[in-house]
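For reference, the structure is listed below as C-alpha cells.
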Amino acid sequence: MEITANYNGTCTECSSPVVPGQSIYWSKESRTTRHVDCEAARKDDAARQESQRVEALHGLIDRLHSAKGAATRRNVIARAEKLGVTPEERLQLLLEASRLDTDDTLEKVEGLKSKAVKRRRLEEALASIRADAVSDEMQAEQIALLEEALRMLDGESAAQSPTSS
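Residue numbers for the sequence shown follow this note's numbering, beginning at 13 and rising by one.
So, in C-alpha cells, the structure goes:
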C-alpha cells in the first residue's frame, strides 16, 4: 500500500534512506518499504548529503576562526581530514588558516618593540607560508602583506638611523 513515511528507514529497491514525509510503498506482510519514485529519492538524498557537507565545511571554517593560535588551527584541519573532506575543501581550509595566521602575525608584530624581533617574526611567517601545502599564487595577498610589513620596518629603520655628512 502507498503511504507517507513517518519514520526513517531504507528502501529495499534502491538502498537509499527513507525519510519521514516521503511517499513510499509499505508491505504489511514483509514489513519492507520502497520509494514510490526511487530516482527522485536518490536525487533528494544526494542533495541532502551535499547540504550536510557544505554545513560541515562552514562549521570547520567557524572553528578555524574561533581557534586560538596556529597549532589549534592545524588540529582543526587534521580533524577535517579524518572526516574525509575533499582535496578542494582541504585546500580552502588551509588557505583560510594561512590567512588567519598572517593576521595574527601582523597583529603580534605591531605590539613588539624590537625591530630585530619584528623582522624575525615576519620572516618566519613568510617562510612558513612558502613551505605549506597551499601555492604561493593562492596566498599572494598574505605574502604581500607580510612583505609590505617588512618593507615598512626597513623604512622605519632607514628613517631613524642617523645620516653621516
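Glycine residues also receive a C-beta, built at the ideal position from the N, C-alpha and C atoms.
Query	Result
Taking the alpha helix (DSSP H) that residue 117 falls in, what are its first and last residues?	99-123
Please state whether the Cβ-Cβ distance between residue 137 and residue 114 is less than 8 angstroms.	yes
Run the CB neighbour count on residue 47, radius 10 Å, all protein chains shown included, and call it buried at 16 or more, exposed below.	buried
If you follow the beta strand (DSSP E) that residue 16 is in, where does it begin and where does it stop?	14-16
With C-beta atoms as the reference, is residue 30 less than 8 angstroms away from residue 45?	yes
Less than 8 angstroms separating the beta-carbons of residue 89 and residue 109?	yes
What distance in whole Å lies between the Cβ atoms of residue 150 and residue 118, which are believed to be in contact at a cut-off of 8 angstroms?	Not quite, the Cβ-Cβ distance comes to about 19 angstroms (not below 8 angstroms), so this is no contact.
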